[in-house]
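Here the structure comes first, spelled out in C-alpha coordinates, and everything after it is commentary.
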Amino acid sequence: MPPALLLAGGEVLDPAQGLSQRLDLACRDGRVAALGRDLPRDGHEVIDVRGKLVVPGLIDQHAHCFVGASDLGVRTDAICASTGVTTFIDGGSAGAGTFEGMREFMLSRSRVRILAFLNISAVGLTYLEVGELNHLAYADADAAARVAREHRDLILGIKVRQQKEVVGDAGLEPLRRAIRAAEAAGGLRVMVHVTNPAAPLEDLLALLRPGDIVSHFLHGRGDGILGEKGKVKAGVREARRRGVLFDVAHGRSHVNFPVARAAIEQGFFPDTISSDLTSRGAARIVKDLPTTLSKFLNLGMPLEEVVRAATATPARAIGREGELGTLRPGAAA
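Per numbering that gives the first Met the number 0, the very first residue in the sequence shown carries number 0; after that it's consecutive.
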(Lines of atoms letter the chains of each structure in order from A and count residues from 1; the text may use other names and numbers.)
(Lines give C-alpha, C1' and ligand atoms only; values in the text may rest on other atoms or scores of the structure.)
Protein backbone atom coordinates (compact mmCIF):
# COMPACT_ATOMS: atom_id res chain seq x y z
CA MET A 1 0.00 0.00 0.00
CA PRO A 2 1.45 3.44 -0.91
CA PRO A 3 2.15 5.75 2.02
CA ALA A 4 -0.27 8.42 3.03
CA LEU A 5 0.50 11.91 1.77
CA LEU A 6 1.22 14.91 3.97
CA LEU A 7 1.40 18.44 2.57
CA ALA A 8 3.38 20.38 5.15
CA GLY A 9 3.14 24.05 5.99
CA GLY A 10 0.99 25.31 3.12
CA GLU A 11 -1.39 28.25 3.13
CA VAL A 12 -4.68 26.38 3.33
CA LEU A 13 -7.64 28.19 1.78
CA ASP A 14 -10.95 26.34 2.12
CA PRO A 15 -13.95 28.66 1.65
CA ALA A 16 -16.36 25.86 2.60
CA GLN A 17 -14.92 25.95 6.13
CA GLY A 18 -14.13 29.66 6.21
CA LEU A 19 -10.51 28.59 6.63
CA SER A 20 -7.41 30.56 5.63
CA GLN A 21 -4.25 29.73 7.59
CA ARG A 22 -0.95 27.86 7.51
CA LEU A 23 -1.62 24.17 8.22
CA ASP A 24 -0.56 20.63 7.39
CA LEU A 25 -2.87 18.43 5.34
CA ALA A 26 -2.81 14.63 5.47
CA CYS A 27 -4.56 12.40 2.92
CA ARG A 28 -5.01 8.64 2.90
CA ASP A 29 -6.91 6.29 0.58
CA GLY A 30 -8.30 9.16 -1.47
CA ARG A 31 -9.72 11.00 1.54
CA VAL A 32 -8.69 13.94 3.68
CA ALA A 33 -7.40 12.29 6.86
CA ALA A 34 -6.40 15.27 8.98
CA LEU A 35 -5.91 19.01 8.88
CA GLY A 36 -3.95 20.83 11.57
CA ARG A 37 -0.64 22.19 12.79
CA ASP A 38 2.46 19.99 13.04
CA LEU A 39 0.76 16.73 12.09
CA PRO A 40 2.77 13.50 12.67
CA ARG A 41 5.09 12.67 9.76
CA ASP A 42 5.50 8.93 10.38
CA GLY A 43 4.09 6.72 7.62
CA HIS A 44 3.57 9.65 5.24
CA GLU A 45 5.20 10.85 2.08
CA VAL A 46 5.91 14.44 3.11
CA ILE A 47 5.92 17.32 0.62
CA ASP A 48 7.04 20.74 1.83
CA VAL A 49 4.53 23.26 0.46
CA ARG A 50 5.52 26.29 2.51
CA GLY A 51 4.71 29.46 0.60
CA LYS A 52 2.21 27.68 -1.62
CA LEU A 53 -1.56 27.79 -1.66
CA VAL A 54 -3.39 24.56 -0.75
CA VAL A 55 -7.03 24.47 -1.85
CA PRO A 56 -9.65 21.72 -2.21
CA GLY A 57 -9.60 19.67 -5.40
CA LEU A 58 -11.02 21.89 -8.13
CA ILE A 59 -14.40 21.15 -9.69
CA ASP A 60 -14.68 22.04 -13.37
CA GLN A 61 -18.45 22.32 -13.61
CA HIS A 62 -18.61 22.60 -17.41
CA ALA A 63 -16.24 20.93 -19.87
CA HIS A 64 -16.40 18.17 -22.50
CA CYS A 65 -14.86 14.69 -22.55
CA PHE A 66 -16.64 12.48 -25.11
CA VAL A 67 -13.58 11.83 -27.29
CA GLY A 68 -14.38 10.15 -30.62
CA ALA A 69 -18.12 10.67 -30.49
CA SER A 70 -18.31 14.45 -30.16
CA ASP A 71 -16.59 17.36 -31.89
CA LEU A 72 -15.46 18.68 -28.51
CA GLY A 73 -14.04 15.97 -26.26
CA VAL A 74 -10.71 16.28 -24.43
CA ARG A 75 -8.73 13.52 -22.72
CA THR A 76 -9.34 14.19 -19.07
CA ASP A 77 -6.70 12.34 -17.09
CA ALA A 78 -3.58 14.19 -18.26
CA ILE A 79 -5.26 17.60 -18.15
CA CYS A 80 -6.82 17.13 -14.72
CA ALA A 81 -3.74 15.58 -13.10
CA SER A 82 -1.61 18.59 -14.01
CA THR A 83 -4.13 21.29 -13.09
CA GLY A 84 -5.60 20.26 -9.73
CA VAL A 85 -9.01 19.30 -11.12
CA THR A 86 -10.37 16.29 -9.23
CA THR A 87 -13.96 16.48 -10.48
CA PHE A 88 -14.71 17.02 -14.17
CA ILE A 89 -18.32 17.60 -15.24
CA ASP A 90 -19.28 17.01 -18.84
CA GLY A 91 -21.68 19.69 -20.05
CA GLY A 92 -24.04 17.78 -22.29
CA SER A 93 -21.79 16.03 -24.82
CA ALA A 94 -24.05 12.97 -24.78
CA GLY A 95 -27.81 12.64 -25.14
CA ALA A 96 -30.19 9.78 -24.46
CA GLY A 97 -29.03 7.96 -27.59
CA THR A 98 -25.31 8.18 -26.81
CA PHE A 99 -24.87 8.37 -23.03
CA GLU A 100 -24.39 4.65 -22.48
CA GLY A 101 -21.41 4.79 -24.84
CA MET A 102 -19.92 7.75 -23.00
CA ARG A 103 -20.32 5.92 -19.72
CA GLU A 104 -18.65 2.73 -20.95
CA PHE A 105 -15.81 4.22 -22.98
CA MET A 106 -15.05 7.46 -21.12
CA LEU A 107 -16.49 7.79 -17.63
CA SER A 108 -15.81 4.25 -16.44
CA ARG A 109 -12.22 4.27 -17.74
CA SER A 110 -11.10 7.63 -16.43
CA ARG A 111 -8.96 7.98 -13.31
CA VAL A 112 -10.45 11.40 -12.58
CA ARG A 113 -14.00 11.63 -11.21
CA ILE A 114 -16.34 12.48 -14.12
CA LEU A 115 -20.01 13.38 -13.72
CA ALA A 116 -22.32 14.65 -16.45
CA PHE A 117 -25.27 16.68 -17.59
CA LEU A 118 -27.36 14.84 -20.19
CA ASN A 119 -28.22 16.77 -23.35
CA ILE A 120 -31.94 17.15 -23.99
CA SER A 121 -31.11 16.33 -27.60
CA ALA A 122 -30.97 12.56 -27.97
CA VAL A 123 -27.99 12.86 -30.34
CA GLY A 124 -25.95 15.11 -28.07
CA LEU A 125 -23.08 17.18 -29.45
CA THR A 126 -22.04 14.70 -32.12
CA TYR A 127 -21.54 17.21 -34.95
CA LEU A 128 -21.64 20.93 -34.25
CA GLU A 129 -21.87 21.96 -37.90
CA VAL A 130 -25.49 20.80 -37.68
CA GLY A 131 -27.21 21.92 -34.49
CA GLU A 132 -28.34 19.12 -32.19
CA LEU A 133 -31.78 20.75 -32.01
CA ASN A 134 -32.26 21.68 -35.67
CA HIS A 135 -35.09 19.12 -35.60
CA LEU A 136 -37.21 19.57 -32.47
CA ALA A 137 -38.01 15.86 -32.32
CA TYR A 138 -34.45 15.32 -31.06
CA ALA A 139 -35.52 17.06 -27.83
CA ASP A 140 -37.14 13.93 -26.43
CA ALA A 141 -38.02 14.67 -22.81
CA ASP A 142 -39.26 11.14 -22.08
CA ALA A 143 -36.06 9.52 -23.36
CA ALA A 144 -33.88 12.00 -21.47
CA ALA A 145 -35.77 11.38 -18.22
CA ARG A 146 -35.50 7.61 -18.64
CA VAL A 147 -31.73 7.68 -19.26
CA ALA A 148 -31.18 10.13 -16.40
CA ARG A 149 -33.01 7.78 -14.03
CA GLU A 150 -31.05 4.75 -15.27
CA HIS A 151 -27.71 6.52 -14.73
CA ARG A 152 -28.57 8.56 -11.66
CA ASP A 153 -25.15 7.86 -10.11
CA LEU A 154 -23.47 9.92 -12.84
CA ILE A 155 -26.10 12.23 -14.36
CA LEU A 156 -26.58 15.46 -12.43
CA GLY A 157 -29.16 17.16 -14.62
CA ILE A 158 -30.28 18.07 -18.13
CA LYS A 159 -28.38 20.36 -20.50
CA VAL A 160 -29.94 22.48 -23.25
CA ARG A 161 -28.39 24.98 -25.65
CA GLN A 162 -30.83 27.85 -26.18
CA GLN A 163 -28.71 29.59 -28.83
CA LYS A 164 -30.51 30.91 -31.93
CA GLU A 165 -28.24 28.99 -34.26
CA VAL A 166 -29.06 25.76 -32.42
CA VAL A 167 -32.81 25.95 -31.78
CA GLY A 168 -33.89 27.92 -34.85
CA ASP A 169 -37.57 28.84 -34.64
CA ALA A 170 -38.28 26.62 -31.63
CA GLY A 171 -37.97 29.50 -29.17
CA LEU A 172 -38.04 28.35 -25.56
CA GLU A 173 -39.60 24.95 -26.26
CA PRO A 174 -36.30 23.04 -25.89
CA LEU A 175 -35.82 24.59 -22.46
CA ARG A 176 -39.37 23.69 -21.45
CA ARG A 177 -38.70 20.10 -22.50
CA ALA A 178 -35.41 20.05 -20.58
CA ILE A 179 -37.22 21.21 -17.45
CA ARG A 180 -39.92 18.59 -17.97
CA ALA A 181 -37.27 15.88 -18.33
CA ALA A 182 -35.44 17.09 -15.23
CA GLU A 183 -38.63 17.01 -13.19
CA ALA A 184 -39.58 13.55 -14.48
CA ALA A 185 -36.11 12.24 -13.61
CA GLY A 186 -36.61 13.13 -9.97
CA GLY A 187 -36.26 16.88 -9.68
CA LEU A 188 -32.85 17.30 -11.31
CA ARG A 189 -31.33 20.65 -12.20
CA VAL A 190 -31.13 22.14 -15.70
CA MET A 191 -28.03 23.72 -17.26
CA VAL A 192 -28.88 26.18 -20.03
CA HIS A 193 -26.49 27.71 -22.59
CA VAL A 194 -27.53 31.34 -23.15
CA THR A 195 -25.07 32.76 -25.70
CA ASN A 196 -27.08 34.60 -28.39
CA PRO A 197 -30.35 33.37 -26.87
CA ALA A 198 -33.35 32.51 -29.03
CA ALA A 199 -35.65 34.55 -26.76
CA PRO A 200 -35.13 37.57 -24.49
CA LEU A 201 -32.82 36.53 -21.68
CA GLU A 202 -35.19 37.69 -18.94
CA ASP A 203 -38.00 35.57 -20.44
CA LEU A 204 -35.67 32.57 -20.39
CA LEU A 205 -34.59 33.22 -16.80
CA ALA A 206 -38.21 33.46 -15.68
CA LEU A 207 -38.66 29.76 -16.50
CA LEU A 208 -35.74 28.61 -14.36
CA ARG A 209 -36.03 27.11 -10.89
CA PRO A 210 -33.79 27.41 -7.84
CA GLY A 211 -30.61 25.44 -8.50
CA ASP A 212 -30.79 25.66 -12.28
CA ILE A 213 -27.55 26.83 -13.90
CA VAL A 214 -27.05 29.57 -16.51
CA SER A 215 -23.97 28.82 -18.62
CA HIS A 216 -21.99 31.53 -20.48
CA PHE A 217 -23.73 34.40 -18.69
CA LEU A 218 -20.84 36.77 -19.56
CA HIS A 219 -21.12 36.29 -23.32
CA GLY A 220 -21.21 39.24 -25.70
CA ARG A 221 -23.55 37.97 -28.43
CA GLY A 222 -27.23 38.83 -28.52
CA ASP A 223 -29.34 39.65 -25.48
CA GLY A 224 -27.24 39.49 -22.33
CA ILE A 225 -27.16 40.38 -18.65
CA LEU A 226 -26.49 44.11 -19.14
CA GLY A 227 -29.21 46.60 -19.92
CA GLU A 228 -29.33 50.37 -20.23
CA LYS A 229 -26.13 52.18 -19.30
CA GLY A 230 -24.38 48.86 -18.80
CA LYS A 231 -26.25 47.93 -15.63
CA VAL A 232 -27.09 44.34 -14.70
CA LYS A 233 -30.75 43.84 -15.59
CA ALA A 234 -33.38 43.59 -12.87
CA GLY A 235 -34.57 40.22 -14.18
CA VAL A 236 -31.05 38.84 -13.90
CA ARG A 237 -30.72 39.94 -10.29
CA GLU A 238 -34.19 38.56 -9.54
CA ALA A 239 -33.20 35.17 -10.97
CA ARG A 240 -30.23 35.09 -8.61
CA ARG A 241 -32.46 35.99 -5.68
CA ARG A 242 -34.64 32.99 -6.59
CA GLY A 243 -31.61 30.70 -6.44
CA VAL A 244 -30.64 30.46 -10.11
CA LEU A 245 -26.86 30.01 -10.45
CA PHE A 246 -24.64 31.84 -12.94
CA ASP A 247 -21.64 29.97 -14.35
CA VAL A 248 -18.81 31.39 -16.47
CA ALA A 249 -18.24 28.36 -18.78
CA HIS A 250 -15.47 30.28 -20.55
CA GLY A 251 -15.05 28.29 -23.77
CA ARG A 252 -13.65 29.67 -27.00
CA SER A 253 -16.06 32.58 -27.30
CA HIS A 254 -18.34 32.80 -24.27
CA VAL A 255 -16.65 35.49 -22.15
CA ASN A 256 -16.78 39.12 -23.24
CA PHE A 257 -14.36 40.93 -20.97
CA PRO A 258 -16.13 44.33 -20.99
CA VAL A 259 -19.29 42.48 -19.88
CA ALA A 260 -17.34 40.54 -17.24
CA ARG A 261 -15.67 43.69 -15.94
CA ALA A 262 -18.99 45.55 -15.72
CA ALA A 263 -20.65 42.68 -13.86
CA ILE A 264 -17.81 42.34 -11.36
CA GLU A 265 -17.62 46.09 -10.77
CA GLN A 266 -21.34 45.95 -9.88
CA GLY A 267 -20.76 43.09 -7.46
CA PHE A 268 -22.41 40.50 -9.71
CA PHE A 269 -19.76 37.81 -9.35
CA PRO A 270 -20.03 34.39 -10.98
CA ASP A 271 -21.47 31.75 -8.68
CA THR A 272 -19.20 29.23 -10.36
CA ILE A 273 -16.21 29.49 -12.69
CA SER A 274 -15.74 26.67 -15.18
CA SER A 275 -13.56 26.29 -18.25
CA ASP A 276 -15.89 24.82 -20.90
CA LEU A 277 -12.72 23.06 -22.00
CA THR A 278 -12.98 21.48 -25.45
CA SER A 279 -10.63 20.07 -28.05
CA ARG A 280 -11.13 23.26 -30.05
CA GLY A 281 -10.33 25.66 -27.22
CA ALA A 282 -7.75 23.85 -25.12
CA ALA A 283 -4.58 24.84 -26.93
CA ARG A 284 -4.95 28.58 -27.55
CA ILE A 285 -7.81 30.14 -25.60
CA VAL A 286 -9.02 28.27 -22.55
CA LYS A 287 -5.91 26.24 -21.62
CA ASP A 288 -7.34 24.87 -18.36
CA LEU A 289 -9.39 25.73 -15.28
CA PRO A 290 -6.57 27.45 -13.29
CA THR A 291 -5.95 29.76 -16.27
CA THR A 292 -9.65 30.61 -16.31
CA LEU A 293 -9.62 31.28 -12.56
CA SER A 294 -6.62 33.59 -12.93
CA LYS A 295 -8.55 35.78 -15.37
CA PHE A 296 -11.22 36.48 -12.77
CA LEU A 297 -8.61 37.17 -10.12
CA ASN A 298 -7.17 39.77 -12.48
CA LEU A 299 -10.65 41.19 -13.15
CA GLY A 300 -10.90 42.05 -9.46
CA MET A 301 -12.58 39.11 -7.75
CA PRO A 302 -11.06 38.40 -4.33
CA LEU A 303 -8.95 35.24 -4.16
CA GLU A 304 -11.28 33.54 -1.68
CA GLU A 305 -14.28 34.12 -3.98
CA VAL A 306 -12.38 32.79 -7.00
CA VAL A 307 -11.48 29.61 -5.11
CA ARG A 308 -15.03 29.30 -3.75
CA ALA A 309 -16.37 29.46 -7.32
CA ALA A 310 -14.38 26.34 -8.25
CA THR A 311 -14.79 24.38 -5.01
CA ALA A 312 -17.52 24.98 -2.44
CA THR A 313 -20.18 26.50 -4.70
CA PRO A 314 -20.04 23.93 -7.52
CA ALA A 315 -20.06 21.16 -4.90
CA ARG A 316 -23.29 22.62 -3.51
CA ALA A 317 -24.67 23.20 -7.02
CA ILE A 318 -24.36 19.50 -7.90
CA GLY A 319 -25.57 18.22 -4.53
CA ARG A 320 -22.15 17.01 -3.29
CA GLU A 321 -21.57 19.58 -0.54
CA GLY A 322 -19.33 18.18 2.20
CA GLU A 323 -18.11 15.35 -0.03
CA LEU A 324 -16.39 17.48 -2.68
CA GLY A 325 -14.98 21.00 -2.76
CA THR A 326 -13.66 21.04 0.81
CA LEU A 327 -10.64 19.89 2.85
CA ARG A 328 -12.76 18.87 5.81
CA PRO A 329 -11.52 15.52 7.21
CA GLY A 330 -13.47 12.68 5.61
CA ALA A 331 -14.09 14.52 2.34
CA ALA A 332 -12.80 13.23 -0.98
CA ALA A 333 -9.24 14.42 -1.52
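In this text, a Cβ means the ideal position worked out from N, Cα and C, and glycines have one as well.
| query | result |
| --- | --- |
| Do the region 26-44 and the region 69-77 meet, that is, are 3 or more Cβ pairs less than 8 Å apart? | no |
| In its own chain, which residues sit with a C-beta less than 6 Å from the C-beta of L114, not counting the 5 before and 5 after it? | I88, L153 and L155 |
| Under three-state DSSP, which class holds F104? | helix |
| Here's the rule I'm using: 16 or more other beta-carbon atoms within 10 Å means buried, otherwise exposed. How should N118 be labelled? | buried |
| Quick check on DSSP: helix, strand or coil for V189? | strand |
| So, R236 versus F245, is the Cβ gap smaller than 8 Å? | no |
| Quick check on V235: does DSSP put it in helix, strand or coil? | helix |
| Apart from the five residues just before and just after V165, which ones in its own chain have a Cβ nearer than 6 Å to its Cβ? | G130 and L132 |
| Which of the three DSSP states is assigned to G90 in this structure? | strand |
| Tell me which residues share the same chain as A248 and place their Cβ nearer than 6 Å to its Cβ, disregarding the 5 neighbours each side in the sequence. | H61, S214, H215, S273 and D275 |
| Taking just the CA atoms, how far does H63 sit from N297? | 26 Å |
| Which residue or residues does DSSP assign as beta-bridge partners of D59? | F87 |
| What separation, rounded to the nearest whole angstrom, lies between the Cα atoms of Q20 and M300? | 20 Å |
| With DSSP as the reference, label F65 as helix, strand or coil. | coil |
| Do the region 277-288 and the region 97-109 meet, that is, are 3 or more Cβ pairs less than 8 Å apart? | no |
| Could you tell me which of Q265, A197, V258 and D141 sits nearest to H218, measuring between CA atoms? | V258 |
| Q16 to A136, Cα distance in whole Å? | 46 Å |
| Would you tell me roughly how many angstroms separate the C-alpha atoms of S109 and R315, rounded to the nearest one? | 23 Å |
| Does the pairing of the region 74-94 with the region 38-50 give three or more beta-carbon distances under 8 Å? | no |
| Among V66, V45 and L57, whose alpha-carbon lies nearest the alpha-carbon of A80? | L57 |
| Can you say whether F256 is buried or exposed, counting buried as having 16 or more other CB atoms within 10 angstroms of its CB? | exposed |
| Sort L124, A184, G266 and I157 by Cα distance to E149 and report the nearest one. | A184 |
| For V254, collect the residues of the same chain with a Cβ closer than 6 Å to its Cβ; drop the 5 residues on either side in sequence, then sort them by chain order. | L217 |
| Using a 10 Å radius around the Cβ and a threshold of 16 neighbouring Cβ atoms, would you call A233 buried or exposed? | exposed |
| For I178, which of P199, A205, G167 and E201 has the nearest alpha-carbon? | A205 |
| Excluding the 5 residues preceding and the 5 following T125 in the sequence, name in chain order all residues of the same chain whose CB lies nearer than 8 Å to its CB. | A68, S69, D70, T97 and E131 |
| In the DSSP assignment, what residue or residues form a beta bridge with G35? | D23 |
| So, for E304: in the same chain, excluding its five sequence neighbours on each side, which residues have a beta-carbon less than 7 Å away from its beta-carbon? | F268 |
| Give the secondary structure of P2 by DSSP, where H, G and I count as helix, E and B as strand, and everything else as coil. | coil |
| Is K158 helix, strand or coil by DSSP? | strand |
| Where do the N-terminal and C-terminal ends of the beta strand (DSSP E) with L114 fall, by residue? | R112 to N118 |
| How big is the Cα-Cα spacing for G83 and L12? | 14 Å |
| For G329, I'd like the list of residues in its chain whose CB is within less than 8 Å of its CB, leaving aside the five on either flank, ordered along the chain. | R30 and V31 |
| Of the choices G8, I317, V66 and F65, whose alpha-carbon is the least far from that of L38? | G8 |
| Can you tell me where the beta strand (DSSP E) with L244 in it begins and where it stops? | L244 to D246 |
| Beta-carbon separation of L203 and Q161 under 8 Å? | yes |
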